[in-house]
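Numbering (the numbering used here), first residue to last: 1 to 249.
The beta-carbon is built from N, C-alpha and C at its ideal position, and this holds for glycine as well.
Let me begin by presenting the structure, written as structure tokens, before commenting on it.
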């Protein structure tokens, strides 16, 4: 099944973990992939290599998603290489921990700028191409704690909750252009965490899981793939939870 043949997808933070799984899933569905990373070029190249080994097409676009000029250059690179952008997945994020008293303004702004400024700038840059191509899909990758709250994650909880609201606003603004916007909300997912994220998140220890395991990145990616496909054109403005029952909104 290659339901996304002819489509082009930009996936931010696609060097590894959930971002890589999403890039691989969309490539398997036939889309050409723009693999964004801020600094993890070796991991991003691995993502591209995996896509190409399976017969797909992909390219790396290095950019800091909080830098408007860099985002515009990245999108221009994608347009030049692949002719347009139909799908945007705003996945880039860092997930630090810290109680209110210990979180500096710089840390607060760092977390929120990547999640929110990045999603805003990438969406704004990609929408003109989607309009020109008759429609498109924007997926924002949210977070469990944005709906449940959590200790020691005041900046992350705020950012992820705001993404759900941003998604609804996009859905209203872009419906007339046949562009859907949805938020995919992973639960407790087994990932490798880098230097900018908490290695063993406290909220992972506090949750009671109905299913006796953590989720996998490919299970999140499967939801993203569905929402990008032809069967999901009437779904917009929604937060779709992939969490094994740990939270039931």
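- Assignment of residue 102 by DSSP, reduced to helix, strand and coil, places it in the helix class.
- In its chain, beyond the 5 residues on either side, 180 have a beta carbon closer than 7 Å to the beta carbon of residue 233.
- A straight-line Cα-Cα distance of about 31 Å links residue 230 and residue 68.
- The beta carbons of residue 58 and residue 22 sit no closer together than 7 Å.
- When secondary structure is reduced to three states using DSSP, residue 145 falls in the helix class.
- Remark: C-beta atoms of residue 160 and residue 142 approach each other more closely than 7 Å.
- In this structure, residue 18 and residue 186 form a Cβ contact; the two beta carbons are roughly 6 Å apart against a cut-off of 8 Å.
- Boundaries of the beta strand (DSSP E) around residue 59: 58–62.
- If you ignore the 5 residues before and after residue 42, its C-beta comes within less than 6 Å of no other C-beta in its own chain.
- Nearest to residue 115 by alpha-carbon distance, out of 91, 38 and 249, is 91.
- Taking C-beta atoms under 8 Å as the contact rule, residue 152 and residue 111 fail to qualify, at a distance of about 13 Å.
- DSSP places residue 178 outside any beta strand (DSSP E), giving it a letter other than H or E.
- Pairing residue 27 with residue 6 gives a Cβ-Cβ distance that is not under 7 Å.
- For residue 211, the secondary structure class from DSSP, reduced to helix, strand or coil, is coil.
- For residue 170, the enclosing alpha helix (DSSP H) stretches over residues 154–174.
- 224 is the residue among 149, 248, 242 and 224 whose C-alpha sits nearest the C-alpha of residue 87.
- Residue pairing by DSSP puts residue 186 in a beta bridge opposite 242.
- In this chain, the alpha helix (DSSP H) harbouring residue 75 covers 68–82.
- In this chain, the alpha helix (DSSP H) harbouring residue 18 covers 17–28.
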